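According to my numbering, the stretch in the sequence shown is residues 878 to 1256, in order.
The beta-carbon is built from N, C-alpha and C at its ideal position, and this holds for glycine as well.
It should be emphasised that the depicted structure is a prediction, and the values quoted were computed from it without experimental measurement.
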Amino acid sequence: MTDTTTAAPGRRGLLKAAAVGTAGAAVLATPNVSRAQTVTLRFQSTWPQRDIFHEFAQDYVSRVNSMAGGRLRLELLAAGAVVGAFQLLDAVHAGTLDGGHGVSAYWFGKNKAFSLFGTSPPWFGDANQLLGWFYYGGGQALYNELMHDILRMNAVGFQTGPMPTQPLGWFRTPIERPEQIRGLRYRTVGLATDLFNEMGAAVVALPGGEIVPALERGVIDGAEFNNPSSDRVLGFPDVARNYMIQSFHQRTESFEVLFNRQRFDALPAELQAIIRHASEASSADMSWKLQDRYSRDLVALAQSGVNVRPTPRPILDAQLRAWDAVVQRLEADNSSPAAGPFFKKVCDSQREWCRRVGGFFLRYEASPVISYNHFFARG
């Protein structure tokens, strides 16, 4: 007969077991600190250091660095530290920079379809719907087709950070009629350059840090950048006092995070995941932060004497008619498969998404105007 009983441990055995248990608990309580060598990547934004956009880039970098546990560190640089804002993609492609933070519209000189991923026609209800299309409506596959197959760029990118509708901009004299846009020397970027050219403006594309000096010197007559916080810190109120808000020229836009493809592919899978998921986390945080900052700065602009006024409806209607002409012309460009056919392919994908998703929200949600006016617009 086999004895299956176990003898009770002696005092020495109990002490040994307790010591092992304590050591195990200590191991569990100690964070897993990587002893691997830190990979440092140079990461430049396309924004002046004082701009809130550079702050958004820093928020992304901080998330990557904190989640990477010492194995990966992004070193953030401001626009111009290595290359100018409009040269960022080429620098990432060449490996001069390891990565960067910008907008896809800045690369539309390479292919106008690039702007569709950042400043599309105003068929999206808001920029969050644009990001929804990118990640769940086939947009990312089209973006990769453009970046890798058509342009052969040695870069990978993620869309992040939904932006609110951008203002018509800053002017010395209010813009009240579409006719006033004819001959106007005006700063914008991306497909909005085609839009304002269609409306008769003389468009100048400038990076953020160069706009106010050009407006002050009279090189341009009017300009848009993006939002009250950026516009205020960049000095727009010092050179123009009429701030026209609401516009269809850049109804929706998002940021773009870029990395050199070879550097990105060489990273372990978990660090690639951190880079990708940090863009999602910072996207959400940015959408919350801007609610506080943009609203405060718009109030401050109005209180400082800036004439803040909505763009008149005739100008908005003229913008929509101009969009029709621009999209029709660009979709019909048969100079190469990478021109009109691909542009139309992206537009078709976006229209299909917006017809369904935009229709859902318009039907499903009660108008916030009704509830806002009920609670806050009483005399």
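Pull up the distance between the alpha-carbon of residue 1122 and that of residue 1107, whole angstroms please.
-> Position 245 of the sequence shown, counted from the start, is the residue given in the question as residue 1122. Position 230 of the sequence shown, counted from the start, is the residue given in the question as residue 1107. Each residue's alpha carbon lies about 14 Å from the other.
Pair every Cβ in the stretch 1182-1194 with every Cβ in the stretch 1113-1120, then say whether three or more of these pairs are closer than 8 Å.
-> The stretch 1182-1194 makes contact with the stretch 1113-1120; the number of CB pairs closer than 8 Å reaches 3 or more.
Could you check how far apart the C-beta atoms of residue 1001 and residue 1129 are, in whole angstroms? I think they sit under 8 Å.
-> For the purposes of this step, residue 1001 is taken as the residue at position 124 of the sequence shown. For the purposes of this step, residue 1129 is taken as the residue at position 252 of the sequence shown. Between residue 1001 and residue 1129 the beta-carbon gap is near 4 Å, inside 8 Å, which marks them as a contact.
Starting from the C-beta of residue 1141, find all residues in its chain whose C-beta is less than 6 Å away, skip the five residues before and the five after it, and write them out in chain order.
-> Numbered from 1 along the sequence shown, position 264 holds the residue referred to as residue 1141. The beta carbon of residue 1141 sits closer than 6 Å to the beta carbons of 1033 from its chain, once the five residues preceding and following it are set aside; these are given in chain order.
For residue 1242, is the classification buried or exposed, using 16 other Cβ atoms within 10 angstroms of its Cβ as the cut-off for buried?
-> Position 365 of the sequence shown, counted from the first residue, corresponds to residue 1242. Label assigned to residue 1242: exposed.
Are there 16 or more other CB atoms within 10 angstroms of the CB of residue 1247, so buried, or fewer, so exposed?
-> On the sequence shown, position 370 is the one that residue 1247 refers to. Around the beta carbon of residue 1247, fewer than 16 other beta carbons lie within 10 angstroms, which makes this residue exposed.
Buried or exposed for residue 1250, please, with buried defined as at least 16 other CB atoms from any protein chain shown within 10 angstroms of its CB.
-> For the purposes of this step, residue 1250 is taken as residue 373 along the sequence shown, with counting starting at 1. In the assembly as shown, residue 1250 is an exposed residue. Its beta-carbon has fewer than 16 other beta-carbons within 10 Å.
Would you mind reading off the limits of the alpha helix (DSSP H) that contains residue 1223?
-> Your numbering for residue 1223 matches position 346 in the sequence shown. Where residue 1223 is concerned, the enclosing alpha helix (DSSP H) stretches over 1217-1241.
Examine the Cβ distances between the stretch 922-933 and the stretch 954-969 and report whether three or more of them are shorter than 8 Å.
-> Result yes; three or more Cβ-Cβ pairs closer than 8 Å.
Between residue 950 and the rest of its own chain, which residues show a CB-CB distance below 6 Å, the 5 nearest in sequence each way excluded?
-> What you label residue 950 is simply residue 73 of the sequence shown in a count that begins at 1. Taking C-beta separations shorter than 6 Å and ignoring five residues to either side along the sequence, the partners of residue 950 in its chain run 915, 917, 942, following chain order.
Please list the segments of the alpha helix (DSSP H) lying wholly inside the stretch 975-1035, counting only runs of 4 or more residues, in order along the chain.
-> Runs of the alpha helix (DSSP H) inside the stretch 975-1035: 1004-1013, 1016-1021.
Reference residue 1159; option with closest CA among 1171, 1187, 1093, 944 = Numbered from 1 along the sequence shown, position 282 holds the residue referred to as residue 1159. Comparing Cα-Cα distances from residue 1159 to each of 1171, 1187, 1093, 944, the minimum goes to 944.
Host alpha helix (DSSP H) of residue 1148 (start-end) = Indexing the sequence shown from 1 puts residue 1148 at position 271. It spans 1146-1180 - the alpha helix (DSSP H) in which residue 1148 sits, taken as one unbroken run.
Less than 7 Å separating the beta-carbons of residue 1064 and residue 1027?
-> In the sequence shown, counting from the first residue as 1, residue 1064 sits at position 187. In the sequence shown, counting from the first residue as 1, residue 1027 sits at position 150. The Cβ atoms of residue 1064 and residue 1027 lie no closer than 7 Å to each other.
Would you identify the three-state DSSP class for residue 952, choosing helix, strand or coil?
-> For the purposes of this step, residue 952 is taken as the residue at position 75 of the sequence shown. Here residue 952 sits in strand by DSSP.
Can you tell which of 946, 947, 948, 957 has its C-alpha closest to the C-alpha of residue 931?
-> Within the sequence shown, numbered from 1, the residue matching residue 931 stands at position 54. It is 957 whose Cα lies nearest to the Cα of residue 931.
Whose CA, out of 1151, 1198, 1004, lies closest to the CA of residue 947?
-> Residue mapping note: residue 947 aligns to position 70 of the sequence shown, counting from 1. When only C-alpha atoms are compared, the closest one is 1151.
Per DSSP, what kind of secondary structure is residue 1039 in: helix, strand or coil?
-> Within the sequence shown, the letter at position 162 stands for residue 1039. The three-state secondary structure of residue 1039, taken from DSSP, is strand.
Between residue 987 and the rest of its own chain, which residues show a CB-CB distance below 7 Å, the 5 nearest in sequence each way excluded?
-> Within the sequence shown, numbered from 1, the residue matching residue 987 stands at position 110. Here the set comprises 1028.
From the DSSP output, in three-state form, read off residue 1099 for me.
-> Numbered from 1 along the sequence shown, position 222 holds the residue referred to as residue 1099. When DSSP states are grouped into helix, strand and coil, residue 1099 belongs to the strand group.
Applying the criterion that 16 or more other CB atoms from any shown protein chain within 10 Å of the CB defines a buried residue, is residue 1084 buried or exposed?
-> The residue you call residue 1084 lines up with position 207 of the sequence shown. Buried, by the Cβ-count rule.
Please confirm whether residue 1210 and residue 1217 have their CB atoms less than 7 Å apart.
-> Taking the sequence shown and counting its residues from 1, the one referred to as residue 1210 is at position 333. Taking the sequence shown and counting its residues from 1, the one referred to as residue 1217 is at position 340. Taking 7 Å as the Cβ cut-off, residue 1210 and residue 1217 qualify as a contacting pair.
Check the C-beta distance from residue 1050 over to residue 1119 and give it rounded, since I have them as a contact under 8 Å.
-> Working through the sequence shown from its first residue, we reach residue 1050 at position 173. Working through the sequence shown from its first residue, we reach residue 1119 at position 242. The C-beta separation of residue 1050 from residue 1119 comes to about 7 Å, placing the pair in contact by the 8 Å criterion.
Can you name, in chain order, every residue of its own chain whose Cβ lies under 8 Å from the Cβ of residue 1079, other than the five neighbours on each side?
-> Reading the sequence shown from its first residue, position 202 is the one you call residue 1079. Here the set comprises 1060, 1061, 1062, 1063.
Of all the options 1167, 1227, 1255, 1135, which has the alpha carbon lying nearest to the alpha carbon of residue 972?
-> Start at 1 with the first residue of the sequence shown, and residue 972 comes out as number 95. Of the candidates 1167, 1227, 1255, 1135, the one whose C-alpha sits nearest the C-alpha of residue 972 is 1135.
Please report how far the alpha carbon of residue 1005 lies from the alpha carbon of residue 990, in whole angstroms.
-> For the purposes of this step, residue 1005 is identified with residue 128 of the sequence shown, where counting begins at 1. For the purposes of this step, residue 990 is identified with residue 113 of the sequence shown, where counting begins at 1. One C-alpha to the other measures close to 19 Å.
For residue 1138, which residues of its own chain have a beta-carbon under 7 Å away from its beta-carbon, when the five flanking residues on both sides are left out?
-> As a first step, residue 1138 is located in the sequence shown; it is residue number 261 there, counting from the start. These residues qualify, in order along the chain: 1031, 1032, 1033.
Continuous alpha helix (DSSP H) assignments of at least 4 residues falling wholly in the stretch 1058-1145 = Runs of the alpha helix (DSSP H) inside the stretch 1058-1145: 1068-1075, 1085-1094, 1105-1111, 1138-1143.
If residue 1075 and residue 1204 are in contact, beta carbons under 8 Å, what's the gap, nearest whole angstrom?
-> For the purposes of this step, residue 1075 is taken as the residue at position 198 of the sequence shown. For the purposes of this step, residue 1204 is taken as the residue at position 327 of the sequence shown. Incorrect: roughly 10 Å between the Cβ atoms, too far for contact.
Between which two residues does the alpha helix (DSSP H) carrying residue 921 extend?
-> Numbered from 1 along the sequence shown, position 44 holds the residue referred to as residue 921. It is not in any alpha helix (DSSP H) - residue 921 instead sits in the beta strand (DSSP E) that spans 916-922.
Give the DSSP-derived three-state secondary structure of residue 1186 in the structure shown.
-> Walking along the sequence shown from the start, residue 1186 turns up at place 309. Strand.
Ends of the beta strand (DSSP E) at residue 1276?
-> No answer is possible for residue 1276: it lies beyond the span of the chain, which begins at 878 and ends at 1256.
Residue interval of the alpha helix (DSSP H) (run including residue 969) = Sequence index remark: in the sequence shown, residue 969 carries index 92 (1-based). Note, residue 969: alpha helix (DSSP H), 965-971.
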